[in-house]
Every structure is written in structure tokens, then in C-alpha cells.
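Numbering (the working numbering), first residue to last: 29 to 300.
Cβ coordinates follow ideal geometry from the N, Cα and C atoms, glycine included.
Heads up: the structure comes next, in C-alpha cells.
Now the structure itself:
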């Protein structure tokens, strides 16, 4: 076992311990219906787990997309479309958050999607053995040690929509750890040139492997404009409602935040 695999194994043991502890916690009185239970349960078995992705369909192979949630799925979609149309690869989508899985199901997206298993080497090896994965794409945040250890060793692993991680850029400890993980990627596509420079100077990624490609979610705008047709009646209704009004549009907002915003809105005389 080399040092790279050893470190991933240690990380796997820690993650597995946390996962099993959290699983026990979800069985305690009052915890079965909470947020923790929703996120933890169903990751290793059942219809929401990666085992549900198995198929007998014959394709050129699979391409794996690792997303945090719905936003990252939208960023991944242009790459998925290219992988299907040009390479004949079948997308597999794993979500860290259950909300991402619920999003694709609610929209009726025709992709195989599931919850990501806990980040343990043995779990990723079993997952890899069940599929014909030719490449993996990580969207923005999901830099997991065991995942990268298993997949970067035998296939291209791309990082897209990369941004500078949160936290102090001067933190040596953080940069050493993140740099170690960042150097596992075969290719890094960043949102801007400043991020590309950061990956080179702070993380030690080979500059020839980095490219500033922008945020892929904007690639979807023209496609949606072409596909979505709004009726003249609805357009007139929306236009009439908006005429002469101050309108605030809030997306992905919690109830408590909505209450604060509406209270502040009503108290500002400029908006009434």
C-alpha cells in the first residue's frame, strides 16, 4: 500500500465511523424524520442508493458525474449532453445532497441518478466494479479523498466549474490538503483566469492542465430559451402584473429568510 492509498484508507475509516454513528443517531426517538435522517438514510441500499443505477442496456460505457445538489447538476448538464451525443457515453449522476436527487426526479430528467455512498475506498471500488465507467467529472466542490484515489488511478477525472475554495488563501494547512486533492484531477476547468492562477500558485497544479472555461450553467441559457415556449396570454399577464411595480424575485430561500425580507421590504418607503 503506497502513501496515497494509505491516506485515503485512513480518511475512509474516519468517514465510515461518522456515517455509522450518524445512522445510529437517526434511529433515536425524535430523529427519524429530521434533516439528518433524510440525508443519511438510503445511501447504501434501496431505490435511492447507487445500486439502483445498474442497467442491462448496452452503451459505449458510463461517464460519472459527482454533484453536490441541483445547482451543480445544471452546471454538469452541458457536459452530459456532449458526452452522450459525441461519445455515446451514458451519464451516471451521484448527489451528495438528497435535494439534488429530488430535483432531477421532479423534473423528469432522463438520467440515472442516486445518492453518493459514504466516501470509503471499499464502497467506491464496489461501485466501480459494477459499472463500465470510462471517465468521471466532478462539479465544483466534491473533492473526496477515497473517490479520487479509486478513480483517478485508472481513468480521466475532470474538475469543472472550479472556484477558489472558501477560507483564507493564506492558510498553509488548508492549501496543502486541498492541493494534494487538486493534483488528482486530469484536467481542471475554472470559472476565470484568477482561479486558474490560484490553482497553480497555491495548489501546485500543472498550468498545462488548467483552463478557464467560465461557468457552464450559462451554457444552458440559450438552450432553455429555444426549448421553453411561454404563451402570449401568460406573457401578457406577467407583463401586466410587473408594470409600474417593484418586484423582488427570491430563489432557494428559507421561510425565515423570506419573513425577514418581506418585513424589511414593507418598511422601506422607497419600495411602496
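Terminal residues of the alpha helix (DSSP H) in which residue i lies
{"i": "residue 223", "result": "221-229"}
{"i": "residue 40", "result": "31-53"}
{"i": "residue 296", "result": "First-last for residue 296: undefined, no H or E at that position."}
{"i": "residue 233", "result": "Element bounds for residue 233: n/a, residue is neither H nor E."}
{"i": "residue 149", "result": "149-158"}
{"i": "residue 207", "result": "200-210"}
{"i": "residue 176", "result": "173-179"}
DSSP beta-bridge partners of residue i
{"i": "residue 139", "result": "DSSP output for residue 139 lists no bridge partner at all."}
{"i": "residue 275", "result": "In DSSP, residue 275 forms no bridge with anything."}
{"i": "residue 123", "result": "95, 143"}
{"i": "residue 118", "result": "90"}
{"i": "residue 132", "result": "Answer is none; residue 132 lacks a bridge partner."}
{"i": "residue 187", "result": "166, 216"}
{"i": "residue 240", "result": "218"}
Element boundaries [beta strand (DSSP E), containing residue i]
{"i": "residue 90", "result": "90-95"}
{"i": "residue 167", "result": "161-167"}
{"i": "residue 215", "result": "215-218"}
Cβ separation of residue i and residue j, assumed to be a contact under 8 Å, to the nearest whole Å
{"i": "residue 210", "j": "residue 178", "result": "Actually they are not in contact, since the Cβ atoms of residue 210 and residue 178 sit about 17 Å apart, beyond 8 Å."}
{"i": "residue 76", "j": "residue 129", "result": "6 Å"}
{"i": "residue 96", "j": "residue 124", "result": "5 Å"}
{"i": "residue 231", "j": "residue 212", "result": "Wrong, their Cβ atoms sit about 11 Å apart, outside the cutoff."}
{"i": "residue 103", "j": "residue 200", "result": "Contact flag wrong, Cβ pair sits at about 30 Å."}
{"i": "residue 170", "j": "residue 101", "result": "Going by Cβ atoms, the distance from residue 170 to residue 101 rounds to 12 Å, so no, they are not a contact pair."}
Distance between residue j and residue i (C-alpha atoms, nearest Å)
{"i": "residue 269", "j": "residue 50", "result": "48 Å"}
{"i": "residue 131", "j": "residue 219", "result": "24 Å"}
{"i": "residue 184", "j": "residue 106", "result": "18 Å"}
{"i": "residue 241", "j": "residue 91", "result": "20 Å"}
{"i": "residue 164", "j": "residue 34", "result": "22 Å"}
{"i": "residue 74", "j": "residue 126", "result": "14 Å"}
{"i": "residue 69", "j": "residue 297", "result": "48 Å"}
{"i": "residue 188", "j": "residue 72", "result": "27 Å"}
{"i": "residue 224", "j": "residue 238", "result": "6 Å"}
{"i": "residue 222", "j": "residue 264", "result": "43 Å"}
{"i": "residue 39", "j": "residue 155", "result": "18 Å"}
{"i": "residue 158", "j": "residue 274", "result": "54 Å"}
{"i": "residue 288", "j": "residue 272", "result": "24 Å"}
{"i": "residue 267", "j": "residue 261", "result": "10 Å"}
{"i": "residue 46", "j": "residue 52", "result": "10 Å"}
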